[in-house]
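Novice:
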Amino acid sequence: MQKLTPFLISCLLVFGAAACENPSKTSESAPNNSNQAAQTPDTKATEAAQQDAQSEVRRRQLNEDIRAREQRNNTTGGDTDRAKGDLASEVRSKLEANIPNGQLTVDAQKDGTVTVGGTVTNQQQLAKIETLSKEIKGVKNVVVKATVAQPANKTKP
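Read left to right, the sequence shown gives residues -19 to -1, 1 to 138 (mature numbering (1 follows the signal peptide of the UniProt record, and there is no 0)).
1) According to the Cβ coordinates, are Ala78 and Val120 closer than 9 Å?
2) What's the gap between the Cα of Val97 and the Cα of Ser114?
3) Evaluate Thr86 with the Cβ neighbour count: other Cβ atoms within 10 Å of its Cβ, from every protein chain shown; 16 or more gives buried, anything less gives exposed.
4) Have a look at Val101 and Arg48 and give me their C-alpha separation to the nearest angstrom.
5) Excluding the 5 residues preceding and the 5 following Thr128 in the sequence, name in chain order all residues of the same chain whose CB lies nearer than 6 Å to its CB.
6) So Ile117 and Leu68 are supposed to be a Cβ contact under 8 Å. How far apart are they, rounded?
7) Where in the segment 64 to 89 do unbroken runs of the beta strand (DSSP E), each at least 3 residues long, occur, reported from the N-terminal end onward?
8) May I ask you to report which of helix, strand or coil DSSP gives Pro138?
9) Look at the alpha carbon of Gln105 and the alpha carbon of Gln131, and state the distance between them as a whole number of angstroms.
Below is the structure:
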């Protein structure tokens, strides 16, 4: 038992460290950090993501999740004690619901600054990033590093 306890503790620490390395992303193909440009998405992936994310049910679910988090945050002490991971998660959800075929990453700092990187498919979506992000309580400043990139047509030879 004395040899088993340190082994279990070290396994938990390794697993915890690996789990913390996953950045907040709106899609699997989004870049791993907000300073890296995403590869252009293929047409099929974009259409599938758009159909799923633009469904009214999905948009309502995401907005209800955001409202529930805001209520919970207000109950537990407001903006001052908010974790930056919570802020990034809420902004990512908001962007995912309203910019469905974007491939965006979100990074939040303790001072309320949110950095959004990656790609969107048109200029209108790019313009909505800052406005949507600032709708989340606790976001004080938004740095948009995202770019416009049209989906690439990937065909098999």
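Heads up, the beta-carbon is just placed ideally off N, CA and C, and yes, glycines get one too.
Specialist: Once the coordinates are examined:
1) no
2) 9 Å
3) buried
4) 25 Å
5) Thr100
6) 7 Å
7) 84 to 89
8) Summary for Pro138: the model assigns pLDDT 46, below 50, so the residue's position carries little reliability; its value from the coordinates is reported in the next sentence. Pro138: coil per DSSP, three-state reduction.
9) 13 Å
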